[in-house]
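Student: Next up is a structure, given as C-alpha cells.
In this note's numbering, the protein residues as written are 108 to 598.
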C-alpha cells in the first residue's frame, strides 16, 4: 500500500515538474518571440492600421451626413443660408485658435512637416503636429465648417488624422524599443489614410513615393503595403467594395483626341497653380493679423461671403462630389459661373481658418473646367474631359501628377483612358511650373518646419552675456545655418 502511495506521489511530482518545464519553455518562447520588439512592433503596426480604417470610415460617414444635413436645412429654411455659414465658420476657427492651431488647414502640409522634422529630431514639434488632440480637433473643426456649407474636403484631414494614429502607436513601441524610428509610422499612416479616404490603395502607395519622398522605399514597402491592405480591408468590410466616383461611360479615344488632352492639361495645370498661389499669398497676409478680434471678424466675414456664394449657387457648398456626379452621370454641363463659384468657395473656406481640406474640392473645380472645355469644342468625350480636368487641376495644386492620374483611374476604373490621363497629368505638371516651381503643400510645409525650428530653438542670451561669451554667438550662427528646410523629403 505504501509503495503505491510512493509511486503515486512520484508520478504527481513528475507531472508537476513536467508542467513547470512546459510552462517555463512556453514563457521563454513568448518572451523571445511573441513579445520580442520586432513582433510587438508588427502587432502595433497592424493595430494602428485597423484603427485607421475604423476612424476613416467613421469620419467619411460623418462628413457625408454633415453635407446632407446642411442642404436639408437650407431647403426648408432659406434664411438660414445667412446664419449657418458665419456661425459655423466662426466656431470652427475658434476651436482651432483656442485648442490646437496645428489642426488648421489641409493636413497634408502638417504631415510633410512632421516627416521632415522627425529627421531633424524635433520630437516636440512633431508631437504637436500629430498628437491625438490635434486629430480630434481636426475632425471637429472640419465637421463644423462643413455644417456651415464649407467647400472643404476630408482627404487632407484624413491623412493628418491617420498619421496621428500611427504616430501614437509608434510612440508606444518606444517603451520597449527606444531606438524606434517614427518616420516609417508617419509615412505609412498618411498613405493608409489616403488609400482609405478614396478607396484607392495604389493611390496611397504612389502618393507615399511621390509626395512623402520615400527614397528608401525598398526598406519601407512591406509595412506600407500591410498598412494600406489592413486599412483598406476594414473600409471595405464596413462600406463594401465601391468606387469613389462609380463607372462613368467613356468612348474609346483615338489619336485625334490627344491634343485636347494636352489642352486640358495645360489649362488645368495653370489654373491649379494660380489657385495654389492665391492660397499661399492669402495665408501669408493673414499671418500678419495679430489681433484676435480682427481674426475673429475675418472668420465671420468669410462665413458671410460663403453664404453669398451659396445664395448665388447652392452648388458652392460641400465637397463637390455631387457636382462631379452630376457631370459624369446626369448629363449636366458646367458653366463658367459654376467654375468661378467653386473656385471662390474653396478659397474662402480654406482662408476662414478652419480645418479644411482642398483635395476633393480641387477635383470638383477641375471637373467643371473639363466640362466647360468639352462644351466649347463640342466633344463627344465629355466624361473623359471631366476626368482629365480633375487630374490636371489637382496636379497644378499638388505637383503630384502620378498620384493625380492614379487616383482618378482607381476612382473610376476606366483603364481604357489611361494614356490621355497620363498625358494630361504630364502637361499640367509642366505648365504649373510656369506659375511657381513649388507646390502649395511644399511651400506650407517649409513654413511649418521653419516655425517649428524657431520655436524649439534655445532662447537668446541678453546683450551682456553675449559680450561675455562671444563663442556662443558663433555657435548660434552655426545652428541657424541649418534652419533652412530641405526642398524635398528624403530617406
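We treat Cβ as the ideally placed atom computed from N, Cα and C, and that holds for glycine.
Residue 200 lies in the alpha helix (DSSP H); which residues open and close that run?
Tutor: Start and end: 191-206.
Student: State the DSSP-derived secondary structure class of residue 424, mapped to helix, strand or coil.
Tutor: Note: residue 424 maps to coil in three-state DSSP.
Student: In the DSSP output, which residue or residues are listed as bridge partners for residue 464?
Tutor: DSSP, once it has assigned bridges, lists 260 as partnering residue 464.
Student: Counting pairs of Cβ atoms below 8 Å between the segment 410-417 and the segment 249-260, do you hit three or more?
Tutor: Counting Cβ pairs under 8 Å, three or more are found: they touch.
Student: By how many angstroms is the C-alpha of residue 497 removed from the C-alpha of residue 180?
Tutor: Going by the C-alpha atoms only, they are around 30 Å apart.
Student: Less than 8 Å between the C-beta atoms of residue 290 and residue 241, yes or no?
Tutor: No, the Cβ-Cβ distance between residue 290 and residue 241 is not below 8 Å.
Student: Cα-Cα, which of 529, 353, 556 is closest to residue 499?
Tutor: Taking only the C-alpha atoms, the option nearest residue 499 is 529.
Student: Report buried or exposed for residue 605, applying the criterion of at least 16 other Cβ atoms within 10 angstroms of its Cβ.
Tutor: The structure shown does not extend to residue 605, since the chain spans only 108 to 598, so no value can be given for it.
Student: When you compare each of 210, 275, 219 to residue 244 by their alpha carbons, which one comes out closest?
Tutor: Cα-wise, what sits closest to residue 244 is 210.
Student: Roughly how many angstroms separate the alpha carbons of residue 141 and residue 283, rounded to a whole number?
Tutor: Caution is warranted here: a pLDDT of 49 is assigned to residue 141, below 50, making its placement in the model unreliable, and the coordinate value is therefore given only provisionally. Spanning the two alpha carbons is a distance of roughly 13 Å.
Student: State the Cα-Cα distance for the pair residue 434 and residue 280, rounded to the nearest angstrom.
Tutor: Each residue's alpha carbon lies about 48 Å from the other.
Student: With DSSP run on the structure shown, which of helix, strand or coil describes residue 586?
Tutor: Confidence in residue 586 is poor, its pLDDT being 39 and thus under 50, which makes the residue's placement too unreliable to answer from.
Student: Mapping the DSSP letters down to three states, classify residue 211 as helix, strand or coil.
Tutor: Coil.
Student: Taking only three categories from DSSP, how would you classify residue 610?
Tutor: There is simply no residue 610 to check, as the chain begins at 108 and stops at 598 in what is shown.
Student: Less than 7 Å between C-beta atoms, sequence neighbours within five positions excluded: which residues of the same chain meet that for residue 260?
Tutor: 426, 464, 465, 466, 467, 468.
Student: How far does the alpha helix (DSSP H) with residue 234 in it extend, from its first residue to its last?
Tutor: Segment 230-236, the alpha helix (DSSP H) holding residue 234.
Student: Excluding five sequence neighbours on each side, which residues of the same chain lie with their C-beta closer than 8 Å to the C-beta of residue 577?
Tutor: For residue 577, the pLDDT reaches just 47, beneath the cut-off of 50, and the residue's location in the model is therefore unreliable, although a value from the coordinates is still provided. Nothing listed; no residue qualifies.
Student: Could you pull out every residue in the same chain whose Cβ sits closer than 7 Å to the Cβ of residue 443, ignoring the five residues on either side in sequence?
Tutor: 479.
Student: Pick out whichever of 263, 265, 293 has its Cα sitting closest to the Cα of residue 614.
Tutor: No information on residue 614 is available, as it lies outside the stretch 108 to 598 that the chain covers here.
Student: Find out if the Cβ-Cβ distance for the pair residue 203, residue 462 is shorter than 8 Å.
Tutor: Cβ distance < 8 Å, so residue 203 and residue 462 count as in contact.
Student: Give a yes or no on contact between the segment 362-376 and the segment 527-542, applying the rule of three or more CB pairs nearer than 8 Å.
Tutor: With a cut-off of 8 Å, the segment 527-542 and the segment 362-376 count as touching, because enough Cβ pairs lie within range.
Student: Can you give me the start and stop residues for the alpha helix (DSSP H) that residue 295 sits inside?
Tutor: Counting along the chain, the alpha helix (DSSP H) containing residue 295 begins and ends at 290-305.
Student: Should residue 238 and residue 159 be called a contact, given that it needs their Cβ atoms to be closer than 8 Å?
Tutor: Result no, Cβ atoms of residue 238 and residue 159 do not sit closer than 8 Å.
Student: Among 551, 364, 342, which residue has its Cα nearest to the Cα of residue 303?
Tutor: Nearest of 551, 364, 342 to residue 303, Cα basis: 342.
Student: Take the Cβ of residue 398 as the centre, count every other Cβ of all protein chains shown within 10 Å, and call the residue buried at 16 or more, exposed below.
Tutor: Classification for residue 398: exposed.
Student: For residue 477 and residue 494, which I take to be in contact (beta-carbon distance under 8 Å), what is that distance rounded to the nearest angstrom?
Tutor: Correct: roughly 7 Å between the Cβ atoms.
Student: If residue 418 and residue 188 are in contact, beta carbons under 8 Å, what's the gap, nearest whole angstrom?
Tutor: 6 Å between Cβ atoms; contact.
Student: At what residues does the alpha helix (DSSP H) containing residue 446 begin and finish?
Tutor: Counting along the chain, the alpha helix (DSSP H) containing residue 446 begins and ends at 443-458.
Student: Answer with buried or exposed for residue 391, where buried requires no fewer than 16 other C-beta atoms within 10 angstroms of its C-beta.
Tutor: Exposed is the call here.
Student: Once DSSP output is grouped into helix, strand and coil, what is the label at residue 223?
Tutor: It is helical.
Student: Of the choices 149, 333, 314, 409, whose alpha-carbon is the least far from that of residue 277?
Tutor: It is 149.
Student: Locate the alpha helix (DSSP H) running through residue 245, then write down its first and last residues.
Tutor: Here the alpha helix (DSSP H) through residue 245 covers 239-254.
Student: In this structure, does DSSP put residue 542 in helix, strand or coil?
Tutor: Coil, per DSSP.
Student: Need the endpoints of the alpha helix (DSSP H) that residue 505 sits in, please.
Tutor: Residues 489-505.
Student: For residue 227 and residue 220, I'd like the C-alpha separation in whole angstroms.
Tutor: Going by the C-alpha atoms only, they are around 11 Å apart.
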